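S.K.:
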Amino acid sequence: MSTETITHDVIIVGAGLAGTWAAMTASREGVKNIGVISKIHPLRSHSGAAQGGIAAAINNMRPVAGTGPRGPLEQIPAGDPTVDSLELHVFDTIKGSDWLGDQDAIEILASDAIDIVYEYEHMGCVFSRTPDGRIAQRRFGGHSVPRACYAADWTGHMLLQTIHEQALRHGVHFYSEWYVLDLIIEDNICRGVVAMDVLTGEIHTLRAKAVMFGTGGYGRAYKVTTNAHANTGDGVAMAYNAGVPLMDMEFVQFHPTGLYRLGILMTEACRGEGGYLTNNKGERFMENYAPEKMELAPRDLVSRSEQIEINEGRGIGSDGQGIYLDMTHLGREKIEGRLPQVQEIAHNFMGLDIVENPVPIQPTAHYSMGGIPTDSHGQAIADAEGNPVVGFYAAGECACVSVHGANRLGTNSLLEASVFGRRSGYAIAEFIKGGAELHPLPVDPGKHSRQRVERLMDDSLGDERESTAEIGRELKEMMTHGCGIFRDEDGLQNALNEVQQLQERFKNARVMDKSQRFNTDMQNALETENLLTFSEVIISGALARTESRGAHSRTDFPKRDDDSWLKHTIAHKNGDQLPILSYKDVNIDWEKNPPQERKY
Amino acid sequence: MSGNGHNKTATLRIERFNPDVDEKPAFEELQVELVPGKTILDALLEIKEEQDGSLTFRRSCRHGICGSCTMNINGTNMLACESALTDHVNEDGLVTVRPLPSVPVIKDLVTDRSSFWEQYQRIKPWLVPAEEVPEKEFRISPDEVNSLNNAERCIMCGACYSACPVISIDKGFVGPHAMLKAFLRVSDSRDKDHDVHMTDIETLWDCTTCYMCVEQCPKELSPGKVASTLRSLLVEEGKVPRTLGVALTSTFRNKNPFEMAHADRLAWAEGLPLQDGKTNPVDALYFVCCLACYDPRAQKLAQAMVTSMDAAGVNLGTLGSEEVCCGSEMQRIGEMGLFEVMVEELTESLNKPQTQQIVTASPHCFNVFSNHYPDLNLNAEHYTQYVARLIADGKIEFKGEVNKRVTYHDPCYLGIQNDIFDEPRSILQSIPGIELVEMERSRKQSLCCGGGGGRMWFEGHASGAHLSHERVREAVSTGAQILATACPFCLNMLDDAVKTLALDDQIEVKDIMELVVEAS
């Protein structure tokens, strides 16, 4: 394992929408020495798995007058009044966030949305269209109007292809199948990363004036998840290990419709297009929880409602742990035109034709609201006071701006990754062009990474060794039961004890594959170590937060408590101890959007 | 499901290889529990976690959108994540899992796809945006979106690329994935520089339009089918390889692509009992491929057909002087204007005779009549379909024997493109004495002879490598004495290959019809 130092002006880790937007933008702005590192080929990034849409108040569609909240949509004729506005997008997002979202950032999200959707369109994204050729829009949960711009149910795929190709056009260099092990920060100044070339197993130090993370979410900490195998929160764990705090990690979104037991995503567009949720009595139970919005209430509310139905014995399936997603009334034409991918998925994985049969689904770990705290330019911050970590940026699911607060609305994630990826790109370009320098590296920067790898390779333990896969399995089981949709003090305390035991056991974990070349056993082990690192932060934040807000639902504290908890959790690493928690005020415009009761 | 329904174990026969330590790839058999719903990827993950952590493969999304886990399962490229184990194990519970063919192996099931990405980059996959953009979006009609034919859904999984026969012999070929991306760009009115995608794409003439890429695309896209569209853009600019230009001109002037006189078209049939189908009521109209009309070797299969039909009491006719090239290859070359005129004229001729049945000598004519002649009022069949039925009905009886070991080469236009696999084999099996053996690549996994899509007239860019040579070697390796086929193009290509390779003492290429006559 040689350690060769590679130097770039900018290193971007992760090649989904956030990282690729940042790279493309900075390159377009004249920064030419950019390296984008991705542990999988860029086009395999999980942004591509997003299905339903990207939110923007572009006012192309409206409900047909007099048909009610679930009636058909039509294009808005030229000259007719609009239905959507920035203010409405902002308000829906704030309400969806259960008032934990930072309102200044949310305003940026909503106003940049319109521009970035048009930019995607101008760069060749193949959107679905209205009859008169505008970008088609559909309804989504928690949005008051049809705001989701879509490309059938392949939206993330189309956006990712589009931006990746534009990054190639601008000459961005990609390190495909390189795995970053460590972020190098000293004296609050970022200096580079340490990464393994997966093909050779060699560990390299990569120096840069600026490092940006677009490393995605941490849904793989849960047993049933919509997330790809790759979504192991590596960036979040590395930042935490490097002394950068993590914010609002306890807020983990459960999507209401992952395939039963498998967790594969069935887009919210299934309900946006009119699909129902039913229990084992055939009842559309959402009328008891969100009588107005019904199935299109926000995800936290729908997932909780499903879980209550299941817990009270009204679930479907052999173990009663499922719910039906019923689209049989939508008709073949609508399904094949707008939901072709979920039709294919249900066919491939459940053997069901959704035109004819309801699909068993269940609430499924989906999205990480928390992450690396940043300002609205992607600049990572070091503390509750908002001091910057010099030269370190983050955007997308690994970051916490925070626009989603305690619960994200569907279609705001593709939007957030794009908007704040692009803004990071501009900020990084300005930083570099403003005279940013390469800072000296610490002595032997790759040492910690090498030690991690060497320990996992070590052969001395024999039968005493632990299985990395088994530890991962136990962690996911524990997180699901101890820190899932519903939480309480006992469960969280047990979970915290257990994660610490698992961390201890991991010290004896060893890989089976001892080879250098393309060692995915090693990569899986390092990823599992990352899961253990940040799971502790999720649980700690959840245990401390004695209220229920958005996706964080404490059965022992069922009410939102604005007096005590209208604030962001900031968690700093504290050696081998539990994280040190501090709190940061939420940015609220008390005149325009003061906290209200959240009802749907 | 495994044969007896009680066997609960699946055996994965996995090709393992770590070039750092292994001399060559070797199969290892590993067992997992066979339960409904378990995918091939699930099985691999289970093995990796519980049995052997060194088993190496790519995976990420596990629901068919990221394109990571493409591998070769029982000879076909597919995504392991969306392939159910129960659908792929044989009656003994065995499934063979190999890395993608035609690309270097990095380790076990992980392949080096560098050439794949190089070709993707070579056509400049990005849309070239307009300098001046509208304030909002460009207006694009839903019909224009539909005309992209879902090309935008390609997940770059590499299944098509690795299955492509041309890629197997020449990594310089642009490849089906890059052709599809180029098609997406040049079909998009927002792209401001179509030439950017088309300047470095001259190897697209190498595509044999076998459509193996279409066959193996897990997203049911049609990469190979865009070859004609892309070529048509080059044809419009006159950027056609010289030899193809000659074939096109000849087709226009002589009504055949071989620069032969139209007046000599029926010379092969002299003295044979063949009716004028235009004026006489016939049982079937025999449509003879240009190659079978003029090529001395291919003529024999047409002559055999007439002889055999006469013996079977079938009243066979032709269009006589009105028989002209069907245009199949012109369409595949992308000469769409010429093709349209040919379709119109030949449809008129074909609709005149008093028969409902047309039987073609060539799978190419059969394919084009079946799929691209919208106004044709006749039932078009390939001769193997017609003859298989005559045999089944007892109209053809065999008095002799062909005591040979025979292997059958599936023509792409008949097999992959039209799913006709059984009729040719049933004819061979009904001939007394024949021992039919299969090549490793047969039916839907057949290897193209290299003669389609205009390649009959175009040598291609691969230096020294020929698909027909590889195919003949594969046939020889079965121990077959006869390599049978049912297509004048395949016959011509394979026969030439046998001669070039000087293997004529080991194997003989014959059309099925010739074997029928031999045994009659």
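So the protein lines, in turn, are chains R and A.
Numbering of the first sequence is given in the numbering used here, commencing with residue 1 and proceeding in unit increments.
Numbering of the second sequence is given in the numbering used here, commencing with residue 1001 and proceeding in unit increments.
Every residue, glycine too, gets a C-beta built ideally from N, C-alpha and C.
Since this is a predicted model, take the numbers as computed values, not measurements.
Compare the C-beta of A/Glu-1152 against all C-beta atoms of chain R and say whether one is closer than 7 Å.
M.R.: Yes, contact with chain R.
S.K.: With a CB to CB cut of under 6 Å and the five nearest residues on each side skipped, what residues in its chain are close to A/Asn-1004?
M.R.: Note that A/Asn-1004 scores 47 on pLDDT, short of 50, meaning its location in the model is unreliable; the coordinates nonetheless yield the value given after this. Around A/Asn-1004: no qualifying Cβ.
S.K.: According to DSSP, simplified to helix, strand and coil, what is A/Val-1097?
M.R.: The answer is strand: DSSP assigns A/Val-1097 an E or B state.
S.K.: In chain A, which residues lie with their C-beta within 9 Å of the C-beta of R/Asp-132?
M.R.: Per Cβ cutoff of 9 Å: Arg-1139 and Ser-1141.
S.K.: Check for me: the beta strand (DSSP E) holding R/Gln-363 runs from which residue to which?
M.R.: Residue 363 of chain R is actually Pro in this sequence, not Gln. Its beta strand (DSSP E) spans residues 359 to 368.
S.K.: Under 9 Å Cβ-Cβ, which residues of chain R neighbour A/Gly-1067?
M.R.: Neighbours of A/Gly-1067 on chain R, chain order: His-41, Leu-43, Arg-44 and Gly-48.
S.K.: Let's test the definition: count the other Cβ atoms within 10 Å of the Cβ of R/Thr-555 and tell me whether it reaches 16, buried, or not, exposed.
M.R.: With fewer than 16 other Cβ atoms within 10 Å, it is exposed.
S.K.: Going by C-alpha distance, which of R/Ala-228, R/Tyr-600, R/Thr-67 and R/Thr-520 is nearest R/Gly-201?
M.R.: That would be R/Thr-520, whose Cα lies nearest to the Cα of R/Gly-201.
S.K.: Quick check on the DSSP output: what are the complete beta strand (DSSP E) runs of length 3 or more inside the region 1343 to 1412 of chain A, in order along the chain?
M.R.: Fully enclosed beta strand (DSSP E) runs of 3 or longer: 1357 to 1360, 1379 to 1382 and 1405 to 1408.
S.K.: I'd like the span of the alpha helix (DSSP H) that includes R/Pro-440, first residue to last.
M.R.: Counting along the chain, R/Pro-440 falls outside any alpha helix (DSSP H), and DSSP gives it neither H nor E.
S.K.: Quick one: what's got a C-beta closer than 7 Å to A/Leu-1503's C-beta in the same chain, skipping five residues either side?
M.R.: These residues qualify, in order along the chain: Val-1472 and Val-1476.
S.K.: Give the C-beta separation of A/Cys-1069 and A/Leu-1079 to the nearest angstrom, bearing in mind that I take them to be a contact with Cβ-Cβ under 8 Å.
M.R.: Yes, they are in contact, since the Cβ atoms of A/Cys-1069 and A/Leu-1079 sit about 6 Å apart, within 8 Å.
S.K.: The region 220 to 248 of chain R: which residues have C-beta closer than 7 Å to a C-beta of chain A, in chain order?
M.R.: Hits within the stretch, in order: Ala-228, His-229 and Ala-230.
S.K.: Buried or exposed: R/Asp-580, going by 16 or more other Cβ atoms within 10 Å of its Cβ?
M.R.: Note on identity: in this sequence residue 580 of chain R is Ile, with Asp being the wrong assignment. Answer is exposed; the Cβ neighbour count stays below 16.
S.K.: Taking just the CA atoms, how far does R/Val-13 sit from R/Val-238?
M.R.: Inspection of the sequence shows that residue 238 of chain R is occupied by Met rather than by Val. If I take the Cα positions, the gap works out to 11 Å.
S.K.: Quick check: A/Asn-1077 and A/Gln-1299, are their CB atoms within less than 7 Å of each other?
M.R.: For A/Asn-1077 and A/Gln-1299, no; Cβs fall outside 7 Å.
S.K.: Does any residue of chain A have a CB that is nearer than 7 Å to the CB of R/Gly-124?
M.R.: Interface residue, yes.
S.K.: Any idea what DSSP makes of R/Asn-497, helix, strand or coil?
M.R.: DSSP places R/Asn-497 in helix when its eight states are reduced to three.
S.K.: Near R/His-568, which residues of its chain fall below 6 Å by C-beta distance, leaving aside the five closest residues on each side in sequence?
M.R.: Result list for R/His-568: Met-247, Asp-248 and Lys-584, in chain order.
S.K.: Which residues in chain A sit within 7 Å of R/Asn-348, going by Cβ to Cβ distance?
M.R.: Those within 7 Å of R/Asn-348 in chain A are Gly-1064 and Glu-1082.
S.K.: Do you know whose CA, among R/Ala-50, R/Asp-563, R/Leu-492 and R/Arg-465, lies nearest R/Met-478's CA?
M.R.: Selected option, being the one with the closest Cα: R/Leu-492.
S.K.: Consult DSSP for A/Phe-1027 and reduce its assignment to one of helix, strand or coil.
M.R.: Strand at A/Phe-1027.
S.K.: Just the chain A side, please: which residues come within less than 8 Å of R/Glu-165 by C-beta, in chain order?
M.R.: The answer, in chain order, is Pro-1125, Trp-1126 and Leu-1127.
S.K.: Under the rule that 16 or more other beta-carbon atoms within 10 Å means buried, what is A/Met-1001, buried or exposed?
M.R.: Since pLDDT at A/Met-1001 reaches only 37, below the 50 mark, its modelled position is unreliable, and the value read off the structure follows with that caveat. Flag for A/Met-1001 reads exposed.
S.K.: Around the C-beta of R/Lys-599, are 16 or more other C-beta atoms found within 10 angstroms, so that it is buried, or is it exposed?
M.R.: Under this definition R/Lys-599 is an exposed residue.
S.K.: Express the C-alpha separation of R/Gly-410 and A/Met-1493 in angstroms, rounding to a whole number.
M.R.: C-alpha separation (whole angstroms): 57 Å.
S.K.: Can you give the Cα-Cα distance for A/Leu-1467 and A/Ser-1446, rounded to whole angstroms?
M.R.: Using only the alpha carbons, I get a separation of about 11 Å.
S.K.: With a threshold of 16 other CB atoms inside 10 Å of the CB of A/Lys-1008, please say whether the residue is buried or exposed.
M.R.: With fewer than 16 other Cβ atoms within 10 Å, it is exposed.
S.K.: Listing by chain order, which chain R residues have their CB less than 9 Å from the CB of A/Gly-1158?
M.R.: In chain order: nothing, as chain R lies at least about 10 Å away.
S.K.: For R/Trp-154, return the contacting residues in chain A, with the cut-off set at a CB-CB distance below 7 Å.
M.R.: Result: Arg-1153.
S.K.: Does the contact criterion of 3 or more C-beta pairs under 8 Å hold for the region 478 to 487 of chain R versus the region 544 to 564 of chain R?
M.R.: Segments in contact, yes.
S.K.: Run through DSSP, which three-state label would R/Met-247 get?
M.R.: Of the three classes helix, strand and coil, the one that applies to R/Met-247 here is strand, per DSSP.
S.K.: Taking only beta-carbon atoms, is A/Arg-1253 less than 7 Å away from chain R?
M.R.: With 7 Å as the cut-off, A/Arg-1253 does not count as an interface residue toward chain R.
S.K.: Evaluate contact between the region 1336 to 1354 of chain A and the region 1390 to 1398 of chain A, counting only Cβ atoms and requiring at least three cross-stretch pairs below 8 Å.
M.R.: Output reads no: the region 1390 to 1398 of chain A does not touch the region 1336 to 1354 of chain A.
S.K.: Go through its chain and collect everything with a Cβ distance to R/Phe-534's Cβ below 8 Å, but skip five positions before and after it.
M.R.: Cβ neighbours of R/Phe-534 beyond the five flanking positions: Tyr-218, Ala-221, Gly-233, Val-236, Ala-237, Tyr-240, Leu-246 and Met-249.
S.K.: Does the distance from the CB of R/Ser-402 to the CB of R/Gly-141 come in under 7 Å?
M.R.: No, these two residues do not count as a Cβ contact at 7 Å.
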